[in-house]
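Worksheet: one structure, shown below.
Numbering (mature numbering (1 follows the signal peptide of the UniProt record, and there is no 0)), first residue to last: -19 to -1, 1 to 57.
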């Protein structure tokens, strides 16, 4: 019974986190922009707290062709 209850609670927590809306900051317009919370705001500046980033990397693409490089960059 206990593992089942933990499974249900875990599922609810994941569902609530996924449903939380992300507000696009007005300065991002159509660009991809990191999410942040405004800690303090004054007339000419804001103090922001950025969430932890996720870094990814891949092996170097050894070609000078844009088409070949684009294809290699998205395959494993």
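Each residue gets a CB set at the ideal place from its N, CA and C atoms; glycine is no exception.
Endpoints, alpha helix (DSSP H) assigned at residue i
| i | result |
| --- | --- |
| residue 49 | 47 to 54 |
Residue interval of the beta strand (DSSP E) (run including residue i)
| i | result |
| --- | --- |
| residue 35 | It is not in any beta strand (DSSP E) - residue 35 carries neither H nor E in the DSSP assignment. |
| residue 29 | 27 to 31 |
| residue 16 | Segment: none, residue 16 is in no beta strand (DSSP E) and carries neither H nor E. |
8 Å contact criterion, which residue i and residue j should meet: CB distance rounded
| i | j | result |
| --- | --- | --- |
| residue 32 | residue 17 | 7 Å |
| residue 27 | residue 19 | 5 Å |
Of the residues the options, the one placed nearest residue i, counting alpha carbons only
| i | options | result |
| --- | --- | --- |
| residue 38 | 55, 12 and 8 | 55 |
| residue 35 | 15, 53 and 29 | 15 |
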